[in-house]
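Step one of this worksheet: look at the structure below.
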Amino acid sequence: MLDRQITNQTLSQDIIPSSRLFPHSTLSNITEDSNDWNLRQLLGLLKRRAVIIAGIVTVGMTGITYSTLNQESVYQDNFQILVEPVNDDSDLGKLNLIDPNMSKLGGLDYESQIQVLKSSELLQPIIKKLQISYPDITYASLIEDLTIIRFGTAKVIEVSYKSNDTEKIKFVLDTISQFYLNYSLDKRQTKLRQGIQFVEKQLPDIKNRVAQLQKEMQIFRQRYNFIDPENQAKGLSGQIQSLTEKRLAVNQQLATTRANYLSLRGQSGQLTAINNAPIYQQLITQQRQLDTQLSGELARFNPDNPIIQSLQEKRNNLLPLIEAEASRALNIKIAEAVTQMRQVEVDSKQLAQTEQQLQNKLEQLPVLSRQYTDIQRNLQLANESFNRFLSTREQLQIEVAQTELPWELIKAPNQPEYPISPNINRNLLLGFGASFLLGLGAAVLMEEIDNTYHTIDSIKDKIKLPILGTLPFDKTIANNYVNRTNKTNDQGVDYPEIDKLTNLFRRQFPRNSRNSYYSQGAFWESLQVLYSNIQLLNSDQPINSLIVSSSVPGDGKSTVAYNLAKIASTMGKRVLLVDTDLRRPQIHELLELNNLWGLTNLISSNMDAKQVIQEIPTINNLSVVTSGPTPPDPGRLLSSQKMRQLMEYFHQSFDLVIYDSPPILGLVDVRLIAPHTNGLILVARMNQTDKSALLQVQDSLKTYPINVLGLVVNGDKSQSGSYYVHYRYSDQEQVHNSSVS
1 MLDRQITNQT LSQDIIPSSR LFPHSTLSNI TEDSNDWNLR QLLGLLKRRA VIIAGIVTVG
61 MTGITYSTLN QESVYQDNFQ ILVEPVNDDS DLGKLNLIDP NMSKLGGLDY ESQIQVLKSS
121 ELLQPIIKKL QISYPDITYA SLIEDLTIIR FGTAKVIEVS YKSNDTEKIK FVLDTISQFY
181 LNYSLDKRQT KLRQGIQFVE KQLPDIKNRV AQLQKEMQIF RQRYNFIDPE NQAKGLSGQI
241 QSLTEKRLAV NQQLATTRAN YLSLRGQSGQ LTAINNAPIY QQLITQQRQL DTQLSGELAR
301 FNPDNPIIQS LQEKRNNLLP LIEAEASRAL NIKIAEAVTQ MRQVEVDSKQ LAQTEQQLQN
361 KLEQLPVLSR QYTDIQRNLQ LANESFNRFL STREQLQIEV AQTELPWELI KAPNQPEYPI
421 SPNINRNLLL GFGASFLLGL GAAVLMEEID NTYHTIDSIK DKIKLPILGT LPFDKTIANN
481 YVNRTNKTND QGVDYPEIDK LTNLFRRQFP RNSRNSYYSQ GAFWESLQVL YSNIQLLNSD
541 QPINSLIVSS SVPGDGKSTV AYNLAKIAST MGKRVLLVDT DLRRPQIHEL LELNNLWGLT
601 NLISSNMDAK QVIQEIPTIN NLSVVTSGPT PPDPGRLLSS QKMRQLMEYF HQSFDLVIYD
661 SPPILGLVDV RLIAPHTNGL ILVARMNQTD KSALLQVQDS LKTYPINVLG LVVNGDKSQS
721 GSYYVHYRYS DQEQVHNSSV S
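Take a look at the structure:
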């Protein structure tokens, strides 16, 4: 017997975490999806709760049928009045701009009009006339059977009256229709007279308003001397632009004058100014002539010669004149430059002032333009209102003179022939619909109260574990556990292991012996698929130990464990089924074995395991270890070192060891055994497993180092198994036909 302990880390190396395994790490990512109703769920609900729905529908239809058949016949007829003709006093609507309170004159308020037509003040004259023939008619009885509505969106009011007497209906509707037509004429005349009075009252005020606005416009134009703000703005802009151009030219002239003045202050400028003086040029010419004559005489005479002396004296007398003339000419030029510069400066300032004045006017123009526009708009509105009131007054005066009825009877009342109540077909149809909805509501309520799973989809929505297989319902199975149809892998991938298992099954069971196997039904076929799916979880190294448990008792875990062991043994595996449910053991009862010695004896004593392991004579390769006597503390035994040693011995001695354990919720047994196996298989029973319990188990497994292989769904009463039966019988017929031929 081996002493080493099997740890979860070692097992995690032996079992490849393929995409079909949901180990502990993946359980932490499990979240719940919304439980949306779809068509399949609705059909399932109708099937499960058909009795309740049918009962409620039957009771409801019985009451409705009885009530409908005992109702007294009621007749009804109506007349229709066109209340808004083509000439619907539209002129009065034009007055709304003057007085918003007159809006009611322009369009009919149907809700208010209907209330007026149903009012006691309006109906009292009608009631007095009706009481001559029908004294029992009062306002309360009349208004109870009288219906006044607007006919769709049309300008039509429909008046209906119902009673048991068809002649009474005709008489009442004729009387009311004639009264309403006369009422419309009186109302129209009153309305038109009120409109004329209103117009006459408003005209003087509007006329005074027009005169006042015209006077304001005249004063405004005279004060600011312009007619149109836009033309005034264009004129000012043109003047400003012209003045700007002139000012720029004057500024250029001023710059030139200043430059000329500054040049006269310099030597070059002075020379230019002197050279341009005519008298100065004449004196210079005389000087040059004397210099020429003096040079010629000096060549002939000595300097002391009187001629030379005379010429020299003339020259000396001429030099002061030249100097004085130069000074005089220069001063004249400077004075002219200064005068011109001052004149240009004055012109520039005047242009700038004029331009600023125009600019101020232009800036003030938007304000004036706005004032002008406001006055003009108000004047235009006042003129339009004045003209409209004049036109409306003339139109109203013409209409007052007319006597045509404003309302028109477009459908006259008739004496009804067929009753409107009771409507048997409608009542029965509505009754059925209401009863069905009530039954459906009761079914939904019961479904919400029912805390169990009814479909595979509902399990998939809540439980995020791979479904290894589903077992169909089979009454021949011990304890009548509910099981479900097979569930192949979701990926639809072909594996060679399937062919291997199928060939092994065919070799062990010839055709004639397989007939007895097939006769056991779809349950056994589903078990074979379940076993195949478990083996395919790890294609590199087969699973040789697993634990079968459930969330709460009654889910059929013991039956699943036992039958899974049978299927594995038929596949040629040496299988050991160990009952570790030391609290409520079931395996020995399923196999009708003696439970005097079992697992508790092996753990608590030194018995040899071979003395406790029982081989099943009727099932090859299947051995069983029952639970043995019930101990006071099962958890202490299962957590002992001796239990670990026994498990290692079982794993080495058999190809597959299946442990049937107690439910997980509230017990620690599974948490003590599962970490030392290849994985845990949860069993959930359709229509019995508690939802909250299974969810609680799913959440609790996140905190333990347990490799959860998947979920086995147990219990399906649908028609899924019929596919297997149909396929099997069809196959047998083909074989029989081929043998006969």
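First residue of the sequence shown: 1, per full-length UniProt numbering; consecutive thereafter.
We put the beta carbon where it would ideally sit given N, CA and C, even for glycine.
- Should S532 go down as buried or exposed, given a rule of 16 or more other Cβ atoms within 10 Å for buried? Translated into the one-based positions of the sequence shown, residue 532 becomes position 532. By the neighbour-count criterion, in which a residue is buried when 16 or more other Cβ atoms sit within 10 angstroms of its Cβ, S532 is buried.
- Message: Using 8 angstroms for Cβ pairs, my map puts F650 next to V578. What's the rounded Cβ distance?
- Response: Here residue 650 refers to the residue found at position 650 when the sequence shown is read from its first residue. Here residue 578 refers to the residue found at position 578 when the sequence shown is read from its first residue. A Cβ-Cβ separation of about 7 angstroms places F650 in contact with V578 under the 8 angstroms criterion.
- What residue does the alpha helix (DSSP H) around R685 start on, and which one ends it? The residue you call residue 685 lines up with position 685 of the sequence shown. Element bounds for R685: not the alpha helix (DSSP H) but the beta strand (DSSP E), 680-685.
- Task: Please classify G572: does DSSP put it in a helix, a strand, or coil?
- Result: Locating residue 572 in the sequence shown gives position 572, where the first residue counts as 1. For G572, the secondary structure class from DSSP, reduced to helix, strand or coil, is coil.
- Report the three-state DSSP secondary structure of Y161 (helix, strand or coil). For the purposes of this step, residue 161 is taken as residue 161 along the sequence shown, with counting starting at 1. In the structure shown, Y161 sits in a strand (DSSP, three-state: E or B).
- What are the residues that DSSP puts in a beta bridge with Q80? Within the sequence shown, the letter at position 80 stands for residue 80. For Q80, which the question treats as bridged, DSSP gives the partners E158, K411.
- Query: P320 to R247, Cα distance in whole Å?
  - Reply: Counting from 1 along the sequence shown, the entry for residue 320 is found at position 320. Counting from 1 along the sequence shown, the entry for residue 247 is found at position 247. Answer to the nearest angstrom: the Cα atoms are 46 angstroms apart.
- Message: Check whether chain D comes within 8 angstroms of Q309, counting only Cβ atoms and requiring the distance to be less than that.
- Response: No chain D appears in the structure shown, which is made up of a single protein chain.
- Candidates Q312, S177, N302, D304, of which the one nearest Q289 by Cα: Translated into the one-based positions of the sequence shown, residue 289 becomes position 289. Proximity to Q289 across Q312, S177, N302, D304 peaks at Q312, based on C-alpha coordinates.
- Query: For H588, which residues of its own chain have a beta-carbon under 6 angstroms away from its beta-carbon, when the five flanking residues on both sides are left out?
  - Reply: Here residue 588 refers to the residue found at position 588 when the sequence shown is read from its first residue. Exclusion of the five residues before and after H588 leaves N595, T626 as the residues of its chain whose Cβ lies within less than 6 angstroms of its Cβ.
- Whole angstroms is fine: what's the gap from Q212's alpha carbon to L122's? In the sequence shown, residue 212 corresponds to position 212, counting from 1. In the sequence shown, residue 122 corresponds to position 122, counting from 1. Across the structure, Q212 and L122 are spaced so that their CA atoms are roughly 47 angstroms apart.
- Task: Leaving aside the five residues before and after Q241 along the sequence, list all residues of the same chain whose C-beta is less than 7 angstroms from its C-beta, in chain order.
- Result: As a position in the sequence shown, residue 241 is number 241, starting the count at 1. Counting only Cβ-Cβ distances below 7 angstroms, and skipping sequence neighbours, we find nothing.
- Task: With DSSP as the reference, label L546 as helix, strand or coil.
- Result: In the sequence shown, residue 546 corresponds to position 546, counting from 1. DSSP places L546 in strand when its eight states are reduced to three.
- Could you tell me which of L440, F79, L438, Q194 sits nearest to I149, measuring between CA atoms? The count along the sequence shown starts at 1 and reaches residue 149 at position 149. When only C-alpha atoms are compared, the closest one is F79.
- Query: In terms of alpha-carbon separation, which member of Q214, I137, Y161 lies closest to I381?
  - Reply: The residue you call residue 381 lines up with position 381 of the sequence shown. Correcting the residue type first, residue 381 is Leu in the shown sequence and not Ile. Ranked by Cα distance from L381, the first of Q214, I137, Y161 is Q214.
- Message: Rounded to whole angstroms, what is the Cα-Cα separation between Q586 and L711?
- Response: To locate residue 586, count along the sequence shown from 1; it is residue 586. To locate residue 711, count along the sequence shown from 1; it is residue 711. So the two alpha carbons sit approximately 21 angstroms from each other.
- Query: Along the chain, where does the beta strand (DSSP E) that runs through R150 open and close?
  - Reply: Translated into the one-based positions of the sequence shown, residue 150 becomes position 150. Boundaries of the beta strand (DSSP E) harbouring R150: 146-150, taken from the DSSP string.
- Message: For G441, report the span of its alpha helix (DSSP H) as first-last.
- Response: As a first step, residue 441 is located in the sequence shown; it is residue number 441 there, counting from the start. Where G441 is concerned, the enclosing alpha helix (DSSP H) stretches over 424-449.
- Item | Residues bridged to G635 (per DSSP) | The residue you call residue 635 lines up with position 635 of the sequence shown. Residue pairing from DSSP leaves G635 without any beta-bridge partner.
- Message: Let's see if you can read the secondary structure: which residues bound the alpha helix (DSSP H) around S119?
- Response: By one-based count along the sequence shown, residue 119 stands at place 119. S119 -> no alpha helix (DSSP H), and no H or E assigned at all.
- Query: Hey, Y180 and W407: beta-carbon distance below 8 angstroms or not?
  - Reply: The residue labelled residue 180 in the question sits at position 180 within the sequence shown. The residue labelled residue 407 in the question sits at position 407 within the sequence shown. Cβ distance < 8 angstroms, so Y180 and W407 count as in contact.
- Message: Using CA atoms only, rank isn't needed, just tell me which of Y372, I284, A693 is closest to residue 742.
- Response: Outside the shown range of the chain, which is 1 to 741, sits residue 742, and nothing can be said about it.
- Pick from A324, E325, Q286, Q340 that is closest to R315, judged by C-alpha positions: As a working note, residue 315 is residue 315 in the sequence shown. Ranking A324, E325, Q286, Q340 by Cα distance to R315 puts Q286 first.
- Task: State whether the segment 698-708 contacts the segment 612-626, with contact taken as three or more CB pairs (one from each stretch) at a distance under 8 angstroms.
- Result: Output reads no: the segment 612-626 does not touch the segment 698-708.
- Task: My understanding is that D457 touches R40, with C-beta atoms under 8 angstroms, so please give their C-beta distance in whole angstroms.
- Result: On the sequence shown, position 457 is the one that residue 457 refers to. On the sequence shown, position 40 is the one that residue 40 refers to. Yes, D457 and R40 are in contact; Cβ-Cβ is about 6 angstroms, under 8 angstroms.
- Message: Just to confirm, is the Cβ distance from D660 to V552 under 8 angstroms?
- Response: Your numbering for residue 660 matches position 660 in the sequence shown. Your numbering for residue 552 matches position 552 in the sequence shown. No; because the gap between Cβ atoms is not below 8 angstroms, this pair is not in contact.
- Item | Counterpart residues of A467 in DSSP-defined beta bridges | Within the sequence shown, residue 467 is the residue found at index 467, counting from 1. It should be pointed out that residue 467 corresponds to Ile in this sequence rather than to Ala. BP columns for I467 point to L711.
- Task: Closer than 8 angstroms by C-beta to V210: which residues in its own chain qualify, once you throw out the five before and the five after it? Chain order, please.
- Result: One-based indexing of the sequence shown puts residue 210 at position 210. Excluding residues within five positions, the ones whose Cβ falls inside 8 angstroms are L379, A382, N383, F386.
- Would you say T452 and Q688 are within 8 angstroms of each other, going by their C-beta atoms? The residue given as residue 452 occupies position 452 in the sequence shown. The residue given as residue 688 occupies position 688 in the sequence shown. Taking the C-beta atoms as reference points, Q688 is found nearer than 8 angstroms to T452.
- Comparing alpha-carbon positions, which option in L546, Q698, P632, E592 lies nearest F654? Mapped onto the sequence shown, residue 654 falls at position 654. With distances taken between Cα atoms, F654 lies closest to L546.
- Distance between A522 and E448 (C-alpha atoms, nearest Å): Against the sequence shown, residue 448 aligns to sequence position 448. Against the sequence shown, residue 522 aligns to sequence position 522. E448 and A522 have their C-alpha atoms roughly 31 angstroms apart.
- Looking at V560 and L622, is the spacing between their C-beta atoms short of 8 angstroms? Residue 622 sits at position 622 when you count from the first residue of the sequence shown. Residue 560 sits at position 560 when you count from the first residue of the sequence shown. Contact: no.
- Message: One question on the structure: do residue 825 and I410 come within less than 8 angstroms of each other, judged by their Cβ atoms?
- Response: Not covered by the structure: residue 825. The range shown for the chain is 1 to 741.
- Query: Is L185 near P413, with beta carbons less than 8 angstroms apart?
  - Reply: Position 185 of the sequence shown, counted from the start, is the residue given in the question as residue 185. Position 413 of the sequence shown, counted from the start, is the residue given in the question as residue 413. Taking 8 angstroms as the Cβ cut-off, L185 and P413 do not qualify as a contacting pair.
- Query: Roughly how many angstroms separate the alpha carbons of T68 and I459, rounded to a whole number?
  - Reply: Working through the sequence shown from its first residue, we reach residue 68 at position 68. Working through the sequence shown from its first residue, we reach residue 459 at position 459. Going from the Cα of T68 to the Cα of I459 covers about 46 angstroms.
- Task: Return helix, strand or coil for D304, following the three-state DSSP convention.
- Result: On the sequence shown, position 304 is the one that residue 304 refers to. Residue state, collapsed to three classes: coil.
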